[in-house]
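Engineer: Note that the protein sequences, when read in sequence, are chains D and Z.
First residue of the first sequence: 1, per the numbering used here; consecutive thereafter.
First residue of the second sequence: 1, per the numbering used here; consecutive thereafter.
A virtual CB, placed ideally from N, CA and C, is assigned to each residue, including glycine.
Remember, predicted model here, so these are calculated numbers, not experimental data.
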Amino acid sequence: MAQVLGRLVFPADVATGAAGAGTVGVCDLDEDAATFAVEAARAAIAQAAVEPASIQRIVVHGAGAGTVSTLQTALGTAATQVVENAPDPGGPGSCLEIEIHAPRAGKRDGVIGRQAGATATVKTPAARPTIRGAAARTPTQTAPVVGTADRFERLVKAEEEALRSVPMGAHIPKATWDASLEARYRLLASLCDTCQAGHHPPLPICPVCGNATRTISLWKPGRLYSWTSVASGPTEFDPWLNTWGEYVVAVVEYEHGIRVAGILRDADPNRLVAGEMVEPILRRVFAQEGAWRYGVKFRHAGT
Amino acid sequence: MSPFGDRKETPRALFAAAVSECFESVDRDFEPKMVKEAWIGNLGMGGYQLGNLGTLGVEAAGLQTVPARRVENACASSGYALRDAYLAIRSGAVDVALVGGLEKMNDLSRAHQRYWLGVSGDTEWERSAGLTFPGTYALMARRHMIEYGTTQEHLAHVAVKNHANGSKNPKAQFQKAITLEKAMASANVCAPLRLFDCCSTTDGAAALVLASERVAKRLTDAPVWIRGSGAASDALAVFRRDSMTRLDATRRASEAALKESGRTIRDVQVAEVHDCFTIAEILALEDLGFCKKGEGGPYAASGATAIGGRTPVNPSGGLKAKGHPLGATGAAQAYELFLQLRNEAGARQVAGARVGLAHNVGGSGASCAVHVLEA
Chain D
1 MAQVLGRLVF PADVATGAAG AGTVGVCDLD EDAATFAVEA ARAAIAQAAV EPASIQRIVV
61 HGAGAGTVST LQTALGTAAT QVVENAPDPG GPGSCLEIEI HAPRAGKRDG VIGRQAGATA
121 TVKTPAARPT IRGAAARTPT QTAPVVGTAD RFERLVKAEE EALRSVPMGA HIPKATWDAS
181 LEARYRLLAS LCDTCQAGHH PPLPICPVCG NATRTISLWK PGRLYSWTSV ASGPTEFDPW
241 LNTWGEYVVA VVEYEHGIRV AGILRDADPN RLVAGEMVEP ILRRVFAQEG AWRYGVKFRH
301 AGT
Chain Z
1 MSPFGDRKET PRALFAAAVS ECFESVDRDF EPKMVKEAWI GNLGMGGYQL GNLGTLGVEA
61 AGLQTVPARR VENACASSGY ALRDAYLAIR SGAVDVALVG GLEKMNDLSR AHQRYWLGVS
121 GDTEWERSAG LTFPGTYALM ARRHMIEYGT TQEHLAHVAV KNHANGSKNP KAQFQKAITL
181 EKAMASANVC APLRLFDCCS TTDGAAALVL ASERVAKRLT DAPVWIRGSG AASDALAVFR
241 RDSMTRLDAT RRASEAALKE SGRTIRDVQV AEVHDCFTIA EILALEDLGF CKKGEGGPYA
301 ASGATAIGGR TPVNPSGGLK AKGHPLGATG AAQAYELFLQ LRNEAGARQV AGARVGLAHN
361 VGGSGASCAV HVLEA
């Protein structure tokens, strides 16, 4: 159904690179520059072995304000300067910074398709640029295949349908959704040290014993606890159903009794096994009032 | 109770018909003006009378000045309406109450219906994961299969039994029996739940008159007593509950109702349980205590729950065959038990039934009201 994401991790002495020349990727309804930017950034930070909170600057090229704020929330780098479309791409870092290239969709070389993806590099302050970690996340499709144009047109049509106001989709006010972004983008949960109960999204007071809790991130693989293949769901998920057919919703189990629900990407519902490892990914979930809403979905761990 | 199904009548007409039949069913000396207060279960019918639905109901029933309110707990709305009226009468504040339920769903578009049918769970965290109620119950069914080996066939047995009962209920939405093969071959809705594992959308209304002991004895020599009432809440999202194969709200509500009644589940001779999906009846059989946890599948397939079985469950056809007008279901369950316990249920009569239990669930188990009735 979907393309396998290409994973390109460059060695530390190589500067940023884009997806391989001549490659055109057609991304799925729920994938775009923002979600790839977050994955690339997380991978680069992990390779650089730095704390996300220590990143002082985010430099972004080719992406919109939405991508930037998604990045900030997902990385948890609240106190970071952001410079968009800086005039000196690839130049020396003035402080510990991460540089993201996140091109928007478009045609390339006359081939109908869409390329989305991102590359990220973590750079330390120095007279010479020192790259600590780099990663790229792109969809890969090595050559245009028969039906690519149809597929692309269908995808664009589904996106437009999603962004139009969906009649009788459940209207969660934007302010309410926005208040949950950190909990979604970093899969935050509260943990009670007194009784060990956990809760996602985080609750400041433990619902079981009433003591104060602390917040942790569950952005890591969890165990598949239950699933269903959905042929009939909320109206706002119809563009997904209409384009790709049934989707699988998983319940994923973490420690302290915490369970999270989200769509499981690229799953064969007839071959799922309880207890297998799945990992969270940040994806577009649905559209409301003409704007995409992002949240957690899952994929098989290690894919 | 009005006929349930795809009804042409307006909501007002449906409710008036149910109330009219209800008033006529009182054995003697009843006058509508004896009703002091009204509780009407309703989810919202598409939203065009969200406010003052209570007043719409009493107006349609010819009781314009009677104080009324809409009671809402998703599919458990009229079960809670029954409980609220019961508590008011027990407190001595009210001596005669009208309890009812009303829902009109089939005049809405499918998109509209899927809105109204999908905002009674955790909208922010469960619906946004791509789930409406077939999905949440499917997650419980899958887990039940993993933990206890419950099969598709076990689920289908519930549908077959309830459609067989519905064929004996002239007011049921679906009046044709179905075969096991037909149920198991139906299209996927949210795996493992297929079309015949899911109740339909239904229009309908139901009404009951409740009276204090003193007044009841004047009106009839064959009252049906509410001996116990229990209710409980649990997490909105199915995946946040302690177990996904058990409705703790059912357990707490039924324990409280049975305790108040002085009865145990073994004394219950007939039950109307909340089978919005086949898995829901299997969970109810376990959580109410008719069988052990995990054995609901085989128990449902054993014939013990058929009319003529050890403890008939859903002789009316249940939500599956009788229909599920969301706000009216709880009242309709009590209506069926009223007929059963007075030996007035005709072709679907459970012989000699004196003690009955009504089990009404909201959403996927976030709320539950249970009542124990006795003749």
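Can you tell me which of the three DSSP states Z:I89 falls into?
Structural biologist: Residue numbering aside, residue 89 of chain Z sits at position 89 when the second sequence is read from its first letter. Helix at Z:I89.
Engineer: Based on Cα-Cα distance, which residue from Z:C276, Z:G362 and Z:S254 lies nearest to Z:T370?
Structural biologist: By one-based count along the second sequence, residue 370 of chain Z stands at place 370. Looking at the sequence itself, residue 370 of chain Z is Val, so the reference to Thr does not match. Taking only the C-alpha atoms, the option nearest Z:V370 is Z:S254.
Engineer: Got a sec: is the Cβ-Cβ distance from D:I205 to anything in chain Z below 8 Å?
Structural biologist: If you number the first sequence from 1, residue 205 of chain D lands on position 205. Answer no: the Cβ-Cβ gap between D:I205 and chain Z never drops below 8 Å.
Engineer: Pick helix, strand or coil for Z:F30, following the three-state DSSP scheme.
Structural biologist: Along the second sequence, one-based indexing puts residue 30 of chain Z at 30. It is coil, neither helix nor strand.
Engineer: Is there a C-beta anywhere in chain D that falls below 8 Å from the one on Z:H157?
Structural biologist: The residue given as residue 157 of chain Z occupies position 157 in the second sequence. With respect to chain D, the C-beta atom of Z:H157 has no partner C-beta closer than 8 Å.
Engineer: At 4 residues or longer, and completely inside the stretch 142-166 of chain Z: list those alpha helix (DSSP H) runs for me, N to C.
Structural biologist: 152-166
Engineer: Expressed to the nearest angstrom, what Euclidean distance is found between the alpha-carbon atoms of Z:K217 and Z:P223?
Structural biologist: If you number the second sequence from 1, residue 217 of chain Z lands on position 217. If you number the second sequence from 1, residue 223 of chain Z lands on position 223. If you take the alpha carbons of Z:K217 and Z:P223, they lie about 7 Å apart.
Engineer: What separation, rounded to the nearest whole angstrom, lies between the Cα atoms of Z:V215 and Z:W39?
Structural biologist: For the purposes of this step, residue 215 of chain Z is identified with residue 215 of the second sequence, where counting begins at 1. For the purposes of this step, residue 39 of chain Z is identified with residue 39 of the second sequence, where counting begins at 1. Rounded to whole angstroms, Z:V215 to Z:W39 spans 19 Å at the Cα level.
Engineer: Any C-beta of chain D sitting closer than 8 Å to the C-beta of Z:I146?
Structural biologist: Start at 1 with the first residue of the second sequence, and residue 146 of chain Z comes out as number 146. Closer than 8 Å: yes.
Engineer: Assign D:I55 to one of two classes, buried (16 or more other C-beta atoms within 10 Å of its C-beta) or exposed (fewer than that).
Structural biologist: Residue mapping note: residue 55 of chain D aligns to position 55 of the first sequence, counting from 1. Classification of D:I55: buried, given that the 10 Å Cβ count is 16 or more.
Engineer: Report the residue from D:T176, D:V260 and D:A179 whose alpha carbon sits nearest the alpha carbon of D:F298.
Structural biologist: Taking the first residue of the first sequence as position 1, residue 298 of chain D is located at position 298. Looking at the Cα atoms, D:V260 is the closest of the given residues.
Engineer: For Z:E147, which option in Z:K293, Z:F174, Z:A284 and Z:G289 has the closest C-alpha, if you only look at C-alpha atoms?
Structural biologist: As a working mapping, residue 147 of chain Z is identified with position 147 in the second sequence. Considering only alpha carbons, the answer is Z:K293.
Engineer: By the DSSP assignment, the alpha helix (DSSP H) with D:I45 in it spans what residues?
Structural biologist: Translated into positions along the first sequence, residue 45 of chain D becomes position 45. D:I45 -> alpha helix (DSSP H) spans A33 to A48.
Engineer: Run through the DSSP bridge pairs and tell me what Z:V371 is partnered with.
Structural biologist: Working through the second sequence from its first residue, we reach residue 371 of chain Z at position 371. The sequence given here places His at residue 371 of chain Z; Val does not occur at that position. Z:H371 pairs with Z:S229 and Z:A358.
Engineer: Does any residue of chain D have a CB that is nearer than 8 Å to the CB of Z:F239?
Structural biologist: Mapped onto the second sequence, residue 239 of chain Z falls at position 239. Taking Cβ atoms only, chain D reaches closer than 8 Å to Z:F239, which makes this a yes.
Engineer: According to a CB-to-CB cut-off of less than 8 Å, which residues of the stretch 120-135 of chain Z neighbour chain D?
Structural biologist: T123, E124, W125, E126, R127, S128, A129, G130, L131, T132, P134 and G135
Engineer: Please check if any C-beta of chain D sits within less than 8 Å of the C-beta of Z:Y115.
Structural biologist: By 1-based counting over the second sequence, the position of residue 115 of chain Z is 115. By this cut-off, Z:Y115 is an interface position.
Engineer: Please name the residues in the stretch 177-193 of chain D whose beta-carbon is closer than 8 Å to at least one beta-carbon of chain Z, in chain order.
Structural biologist: The stretch 177-193 of chain D vs chain Z, Cβ under 8 Å: W177 and S180.
Engineer: Output the distance between the C-alpha atoms of Z:T202 and Z:R114, rounded to the nearest integer angstrom.
Structural biologist: Here residue 202 of chain Z refers to the residue found at position 202 of the second sequence. Here residue 114 of chain Z refers to the residue found at position 114 of the second sequence. Those two C-alpha atoms are separated by around 13 Å.
Engineer: Ignoring anything shorter than 4 residues or poking outside the stretch 176-232 of chain Z, list the alpha helix (DSSP H) runs there in chain order.
Structural biologist: Qualifying alpha helix (DSSP H) stretches, in chain order: 180-184 and 213-219.
Engineer: May I have the straight-line CA-CA distance separating Z:M105 from Z:A85, to the nearest angstrom?
Structural biologist: Start at 1 with the first residue of the second sequence, and residue 105 of chain Z comes out as number 105. Start at 1 with the first residue of the second sequence, and residue 85 of chain Z comes out as number 85. Answer to the nearest angstrom: the Cα atoms are 25 Å apart.
Engineer: Taking 8 Å as the CB-CB limit, is Z:H112 close to chain D?
Structural biologist: In the second sequence, the residue the question calls residue 112 of chain Z occupies position 112. For Z:H112, the answer is yes, since a Cβ of chain D falls inside 8 Å of its Cβ.
Engineer: Using Cβ-Cβ distances below 9 Å, what residues of the stretch 278-297 of chain D are close to chain Z?
Structural biologist: V285, F286, R293, G295, V296 and K297
Engineer: Give the DSSP-derived three-state secondary structure of Z:F277 in the structure shown.
Structural biologist: The residue labelled residue 277 of chain Z in the question sits at position 277 within the second sequence. It is a strand residue.
Engineer: Do you know how far the Cα of Z:T220 is from the Cα of Z:C368?
Structural biologist: Taking the first residue of the second sequence as 1, we reach residue 368 of chain Z at position 368. Taking the first residue of the second sequence as 1, we reach residue 220 of chain Z at position 220. Distance between the alpha carbons of Z:C368 and Z:T220: 30 Å.
Engineer: From D:V50 to D:E253, what does the alpha carbon distance come to, in whole angstroms?
Structural biologist: One-based indexing of the first sequence puts residue 50 of chain D at position 50. One-based indexing of the first sequence puts residue 253 of chain D at position 253. Rounded to the nearest angstrom, the two C-alpha atoms are 28 Å apart.
Engineer: What does Z:C22 reach in chain D if we use C-beta pairs closer than 8 Å?
Structural biologist: Taking the first residue of the second sequence as 1, we reach residue 22 of chain Z at position 22. For Z:C22, there are no C-beta contacts with chain D under 8 Å, since the nearest C-beta of that chain is about 34 Å from it.
Engineer: DSSP three-state label for Z:S106, please.
Structural biologist: Counted from its first residue, the second sequence places residue 106 of chain Z at position 106. The residue you asked about is not Ser; residue 106 of chain Z is Asn in the sequence shown. Coil at Z:N106, not helix or strand.
Engineer: Under a Cβ-count criterion, where at least 16 other Cβ atoms within 10 Å of its own Cβ denotes burial, should D:N270 be classed as buried or exposed?
Structural biologist: Working through the first sequence from its first residue, we reach residue 270 of chain D at position 270. D:N270 is exposed by the Cβ-count criterion.
Engineer: Output, in chain order, the set of chain D residues within a Cβ distance shorter than 7 Å of Z:M244.
Structural biologist: For the purposes of this step, residue 244 of chain Z is taken as the residue at position 244 of the second sequence. What Z:M244 touches in chain D: S226.
Engineer: Determine the chain Z residues that contact D:Y247 at a beta-carbon separation under 7 Å, and present them in chain order.
Structural biologist: Against the first sequence, residue 247 of chain D aligns to sequence position 247. Listed along chain Z, the residues sitting closer than 7 Å to D:Y247 by beta-carbon distance are G130.
Engineer: Checking 8 Å against the spacing of the C-beta atoms, do Z:H163 and Z:G317 come in under that value?
Structural biologist: For the purposes of this step, residue 163 of chain Z is taken as the residue at position 163 of the second sequence. For the purposes of this step, residue 317 of chain Z is taken as the residue at position 317 of the second sequence. Going by C-beta atoms, Z:H163 is nearer than 8 Å to Z:G317.
Engineer: Chain Z partners of D:G210, CB-CB under 9 Å?
Structural biologist: Within the first sequence, numbered from 1, the residue matching residue 210 of chain D stands at position 210. Residues of chain Z passing the Cβ test: none, with the nearest at roughly 17 Å.
Engineer: Kindly indicate which three-state DSSP category D:P144 falls into: helix, strand or coil?
Structural biologist: One-based indexing of the first sequence puts residue 144 of chain D at position 144. Legend: pLDDT at D:P144 = 41, less than 50; position of this residue unreliable, no value from coordinates given.
Engineer: If we require 4 or more residues per run, which alpha helix (DSSP H) segments fall completely within the stretch 153-203 of chain D?
Structural biologist: 174-178 and 181-185
Engineer: Once DSSP output is grouped into helix, strand and coil, what is the label at D:Q72?
Structural biologist: Locating residue 72 of chain D in the first sequence gives position 72, counting from the first residue. It is helical.
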